[in-house]
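Numbering (UniProt numbering), first residue to last: 1 to 525.
A virtual CB, placed ideally from N, CA and C, is assigned to each residue, including glycine.
Structure, as structure tokens:
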């Protein structure tokens, strides 16, 4: 009993000292389960005694309790090794488990490397899969806009004019994506990809329908203004929108955020398809369809961008129209505001500088006088000068710097800019506008002359064919009727070409801004 007690006390004391030694070795508590970077793990070159050696030392320690105190220093390493060995024996299952854990931790790293080094077909599938996932999320957004917001607002008694003004043709867009594009993509990518790994044929077939986005994009700014106005002035509208925005399906995002999604969708198709074409081999059967699809989608994107630019131009024209107090009817799709700004006009009598304002359009220059107003600056049009026949040049006057002149058909203006740089900028922009207007006029003139030459040749051939038909023996009445009808049309076109003014307002025609057309209902010019 004494021997057993002494050996227990000694082994406990040695175990404590051994654990403190392990603590003090590098300041860390050893992690026996990990087997990585811990003092208890085996290091290269370190050997442990076998279990037989450890068992031989245990009886010697128990049989000589008197020698234990005197030989503690010599016993400590062996007991530490024994403790390590016993721990290794007891936790062998744990060590095996930890080694398995270590292997499983390394597996994802290998898989990640494999993803980076995946084959071209796998990369193509990843792009197709991304297209499918983004399309599914997009259709959910469209469902939210069309089936949730529109429906709830309609049920709340909001007028159909307001709903249409805000959501435009979102129902058509939702129908196209939900019933046509998404089902075909889903079937191809999830069921048929192993047999038919293609995207170009589907996108080429459906891409022309993306032009419907032009209407939505064109209406977007107006829709945003209507939403903001309704949120401020209509309590039912505000309550419905806020209640829907609180729902989980909205994802803590506003109605305006969801309405922006269709505007951004076509450029994303374009980017994904460009990435797809980069990974697609040149000899792939899907190459031709994918290139055609990209061309169609780019056209749709340009169509949307053109609609955006057109609306921005119209907004600018409307702003200028309001600032001019409605004096000049400048809100026309053919008009484009190029430059505006303050300028000084030099008086012809005494040479004093007077504050003026210029609006430069693609077809005219508006020379304006500022009105005195407390809120918002407005202008009165003093002179309207057509770009056709306009001249601009730099002039030198004594004691006056940064001067140039604009000469029109009716008036000469001597103007002064604030700086030399500003003067050069005005001259360059006006000169460029004049040159562009000349080129457009020449193009229209050439087109009209070629068109008129074609028209002149057509009636002669039709008359000749008519006379030949009439002269043919056995020609039936139908043929004679057709010939006389074509003859009447040719003679009518000749008479119409002789008319130089509009039948309804008697305003003379010209080849640029007031071109000759026929009324589809009555045929009048």
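Please list, in chain order, all residues of the same chain as residue 157 whose beta carbon is under 7 Å from its beta carbon, the five residues on each side excluded.
Apart from the 5 residues on each side of it in sequence, residue 157 sits with its Cβ closer than 7 Å to the Cβ of 236 in its chain, given in chain order.
Spatially closest choice to residue 238 from 153, 262, 176 and 291, by CA coordinates
Here the closest residue by C-alpha is 153.
Would the region 380 to 390 count as touching the region 404 to 416 if we require 3 or more Cβ pairs under 8 Å?
Contact holds: three or more Cβ-Cβ distances are below 8 Å.
If contacts are defined as beta-carbon pairs under 8 Å, then residue 358 and residue 340 qualify, I think. What distance do you get, rounded to the angstrom?
A Cβ-Cβ separation of about 7 Å places residue 358 in contact with residue 340 under the 8 Å criterion.
Quick check on the burial criterion: 16 or more other C-beta atoms within 10 angstroms. Buried or exposed for residue 423?
Buried.
CB of residue 126 within 8 Å of CB of residue 168, strictly
Cβ atoms of residue 126 and residue 168: not closer than 8 Å.
Could you check where the alpha helix (DSSP H) with residue 200 kicks off and where it finishes?
Residues 200 to 206.
Across the region 296 to 312 and the region 252 to 261, are there enough close Cβ pairs to call them in contact, namely three or more that are closer than 8 Å?
No, the region 296 to 312 does not touch the region 252 to 261.
Beta strand (DSSP E) containing residue 341: first to last residue?
Start and end: 337 to 346.
Using the C-alpha atoms, what's the distance from residue 286 back to residue 269?
A direct Cα-to-Cα measurement between residue 269 and residue 286 gives close to 17 Å.
Quick one: give me the first and last residue of the alpha helix (DSSP H) that residue 146 is part of.
Following the DSSP letters along the chain, one finds residue 146 in no alpha helix (DSSP H), marked with neither H nor E.
What residue does the alpha helix (DSSP H) around residue 162 start on, and which one ends it?
Judged by DSSP secondary structure, residue 162 falls within the alpha helix (DSSP H) whose first and last residues are 160 to 167.
In chain order, what residues of the same chain have a beta carbon less than 7 Å from the beta carbon of residue 267, not counting five sequence neighbours either side?
Answer for residue 267: 301, listed in chain order.
Using DSSP bridges, identify the partner residues of residue 384.
Bridge partners of residue 384 according to DSSP: 366.
Euclidean distance between Cα positions of residue 332 and residue 342:
Their Cα atoms are separated by approximately 24 Å.
Given 8 Å as the limit, is there contact between the region 128 to 148 and the region 258 to 265, that is, 3 or more CB pairs closer than that?
The region 128 to 148, when compared against the region 258 to 265, does touch it at the 8 Å Cβ threshold.
Measure the C-alpha to C-alpha separation of residue 360 and residue 279 and round it to an integer number of angstroms.
Whole-angstrom Cα-Cα distance: 48 Å.
Taking the alpha helix (DSSP H) that residue 221 belongs to, which residues open and close that run?
Note, residue 221: alpha helix (DSSP H), 213 to 233.
Would you tell me roughly how many angstroms separate the C-alpha atoms of residue 436 and residue 312, rounded to the nearest one?
Rounded to whole angstroms, residue 436 to residue 312 spans 21 Å at the Cα level.
Beta-bridge pairing of residue 349 - partner residues as DSSP gives them
For residue 349, no pairing in a beta bridge is given by DSSP.
Straight-line Cα distance separating residue 321 from residue 329
Cα to Cα, residue 329 sits roughly 7 Å from residue 321.
Proximity below 8 Å, CB of residue 128 to CB of residue 199
With contacts defined as CB atoms closer than 8 Å, residue 128 and residue 199 qualify as a contacting pair.
Straight-line gap, residue 183 to residue 222 (C-alpha atoms, nearest Å)
Straight-line measurement puts the Cα of residue 222 at about 32 Å from the Cα of residue 183.
Got a sec? Which residues, its chain only, sit under 7 Å from residue 296 by beta carbon, not counting five neighbours each side?
Exclusion of the five residues before and after residue 296 leaves 204, 207 and 208 as the residues of its chain whose Cβ lies within less than 7 Å of its Cβ.
Who are residue 508's beta bridge partners in DSSP?
For residue 508, the beta-bridge partners assigned by DSSP are 501.
What's the C-alpha gap between residue 241 and residue 271?
Their Cα atoms are separated by approximately 33 Å.
Buried or exposed for residue 109, please, with buried defined as at least 16 other CB atoms from any protein chain shown within 10 angstroms of its CB.
Unreliable positioning characterises residue 109 in this predicted model, as indicated by a pLDDT of 38, which lies under 50. A coordinate reading is not provided.
Spatial distance of residue 290 from residue 277 (CA atoms)
Straight-line measurement puts the Cα of residue 277 at about 7 Å from the Cα of residue 290.
When the Cα of residue 121 is compared with those of 371, 196, 365 and 173, which residue comes out closest?
The shortest Cα separation from residue 121 among 371, 196, 365 and 173 belongs to 196.
Is residue 185 near residue 135, with beta carbons less than 8 Å apart?
Judged by beta-carbon spacing, residue 135 lies within the 8 Å limit of residue 185, meaning their Cβ atoms are closer than that value.
Where residue 227 and residue 257 are concerned, what is the direct C-alpha to C-alpha distance, given to the nearest angstrom?
Distance from the CA atom of residue 227 to the CA atom of residue 257, rounded to whole angstroms, is 12 Å.
Sort out for me which residues DSSP pairs residue 355 with in a bridge.
Answer by DSSP bridge pairing, in chain order: 344.
Taking only three categories from DSSP, how would you classify residue 544?
Residue coverage of the chain in this structure runs from 1 to 525, which leaves residue 544 outside it and unanswerable.
With 16 other CB atoms within 10 Å as the buried threshold, where does residue 501 fall?
Under a 10 Å Cβ-count criterion, residue 501 is classified as exposed, with fewer than 16 other Cβ atoms of the shown protein chains found around its own Cβ.
If you compare alpha carbons, which of 150, 151 and 314 is closest to residue 338?
When only C-alpha atoms are compared, the closest one is 314.
Host alpha helix (DSSP H) of residue 264 (start-end)
In the DSSP assignment, residue 264 falls within the alpha helix (DSSP H) that extends over 255 to 279.
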